[in-house]
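What follows is a short report on a single structure.
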Amino acid sequence: MSALSAWLAMGGYAGFIWPAYGIAAAVLGGLSIHSWRRYRASVDTLARLQRQTGVRE
Amino acid sequence: MMTRLANPARFMRVSGAALPWLGGATAIALAIGLVWALLLSPPDYQQGESVRIMFIHVPSAVMAEGVYYLIALASFVALVWRHPLADVAAQAAAPLGAAFTLVCLATGSLWGRPMWGTWWVWDARLTSVLVLFFLYLGYIALVNAFDDASRGARAGSILALVGVVDLPIIKFSVDWWNTLHQPASILRTGGPTIDASMLVPLLIMALGFGLLFATLLVLRMRTALNERKARALRLYAVEPRATEAAERLPAAGAAARMRRA
């Protein structure tokens, strides 16, 4: 068994360790992407409204 | 620092400058932490490789509780002093706390299956953390359940403060009841019982999770303030004269509404 496949097998716990890291990455990564997209959208919307109304703060 | 950042405009300036640094520090800490957790740290003599789940389970548990303390503190400040950023902070933090709690529960379950032989038990620690998850969801639902945002914020603050009773129960559940979940091994009298080869990556991952929270909290607070300002501008665009008459100056009006909302 190569070093890589031995590492991926995680001493027989691969079926628990990788899903644990996968869930953490999906939940926290997903929330990060969602938060970033909403932030960009809020910046763009505000800039557009400031252009339209001519109001700047 | 609380009072110096009290003004939303100043918060936007300071947080805008801090955001790239927070994001960069998060990426570095998580990268080092993950390599250490998955490659460099040794397998446990009892748990084998499955101990690697602890490098995300423990930091997410710490964040699940810590974020709730922060929401409760912000709610208190919002109720007592009407701090203009307190509600914004609490509401921005709630989905983050819920996410950390979900990760904590899911990774705990994936560790429990091979180590305890069960995905789930109604053990005091597990149950009280599940209650914490529902407190987060309840807070988010309640805040958004009102047409009037300020009433929603106040109801949410009260719920958040009442829910604080769950936190000491989580902390001491492993001492008060003879539970399946093991007692504390880091914050205990007599020092940590974990070897440095595992404690160091655990602390780095905890730092990474903390930085991730700080980054996303700032990002979400900025989003909320931008959206609030955009709402005020939309009102002004629809009826500039009425808005101006009511508030004299549109800029002052927007600020006044931000303070009130």
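As they're listed, the protein sequences go chains D and W.
Position 36 of the first sequence, counting from 1, maps to 36 under the numbering used here, and the rest follow consecutively.
Position 106 of the second sequence, counting from 1, maps to 106 under the numbering used here, and the rest follow consecutively.
From the three backbone atoms N, C-alpha and C, an ideal C-beta is built for every residue, glycine too.
So which residues of chain W does residue i contact, with C-beta pairs closer than 7 Å?
i	result
residue 17 of chain D	49, 50, 52 and 53
residue 46 of chain D	226, 229 and 230
Answer yes or no: do residue i and residue j have a C-beta to C-beta separation smaller than 8 Å?
i	j	result
residue 26 of chain W	residue 203 of chain W	no
residue 157 of chain W	residue 31 of chain W	no
residue 170 of chain W	residue 103 of chain W	no
residue 198 of chain W	residue 41 of chain W	yes
residue 219 of chain W	residue 19 of chain W	yes
residue 11 of chain W	residue 85 of chain W	yes
residue 122 of chain W	residue 112 of chain W	no
residue 209 of chain W	residue 63 of chain W	yes
To the nearest angstrom, how far is the alpha carbon of residue i from that of residue j?
i	j	result
residue 72 of chain W	residue 3 of chain D	48 Å
residue 23 of chain D	residue 16 of chain D	11 Å
residue 51 of chain W	residue 58 of chain W	11 Å
residue 11 of chain D	residue 49 of chain W	6 Å
residue 184 of chain W	residue 174 of chain W	8 Å
residue 237 of chain W	residue 152 of chain W	26 Å
residue 91 of chain W	residue 235 of chain W	23 Å
residue 141 of chain W	residue 159 of chain W	11 Å
residue 114 of chain W	residue 13 of chain D	8 Å
residue 37 of chain D	residue 179 of chain W	42 Å
residue 233 of chain W	residue 9 of chain D	56 Å
Taking residue i as the query, report the chain W residues whose CB atoms sit under 8 Å from its CB, ordered along the chain.
i	result
residue 3 of chain D	What residue 3 of chain D touches in chain W: nothing, since even the nearest Cβ is about 11 Å away.
residue 8 of chain D	None at all; the shortest Cβ gap to chain W is about 10 Å.
Taking Cβ-Cβ distances shorter than 7 Å, what residues in chain D pair up with residue i?
i	result
residue 41 of chain W	Near residue 41 of chain W there are no residues of chain D at all, since even the closest Cβ is about 12 Å away, more than 7 Å.
residue 126 of chain W	Correct list: empty, because the minimum Cβ distance to chain D is about 16 Å.
List the residues of chain D that residue i touches, going by C-beta distances under 8 Å, in chain order.
i	result
residue 95 of chain W	31
residue 103 of chain W	23, 24, 27 and 28
What residue range does the alpha helix (DSSP H) around residue i cover?
i	result
residue 69 of chain W	54-81
Name the chain D residues whose beta carbon is nearer than 9 Å to that of residue i?
i	result
residue 99 of chain W	27, 28, 30 and 31
residue 106 of chain W	19, 20, 23, 24 and 27
Can you find a C-beta in chain B that's less than 8 Å from the C-beta of residue i?
i	result
residue 41 of chain D	Of the protein chains in this structure, namely D and W, none is chain B.
| said: Under 7 Å, CB to CB, which of the residues in the segment 211-242 of chain W have a partner in chain D? | reply: Within the segment 211-242 of chain W, those residues whose Cβ lies closer than 7 Å to any Cβ of chain D are, in chain order, 212, 216, 219, 220, 222, 223, 226, 227, 229, 230, 233, 234, 236 and 237.
| query | Just by C-beta distance, which residues in the segment 24-44 of chain D are closer than 7 Å to chain W? | reply | For the segment 24-44 of chain D, the beta-carbon criterion of a distance under 7 Å to any beta-carbon of chain W is satisfied by 24, 27, 28, 31, 32, 35, 36, 38, 39, 42 and 43.
| said: Beta carbons nearer than 8 Å to chain D: which residues of the segment 110-123 of chain W have them? | reply: Of all residues in the segment 110-123 of chain W, 110, 111, 113 and 114 have a Cβ within less than 8 Å of some Cβ in chain D.
| said: To be precise: take each residue of the segment 196-210 of chain W, compare its Cβ to all Cβ atoms of chain D, and keep it if any distance is under 9 Å. Which residues remain? | reply: Flagged, chain order: 209.
| field | Residues from the segment 56-90 of chain W in contact with chain D, defined by Cβ distance under 9 Å | value | Hits within the stretch, in order: 56, 57 and 60.
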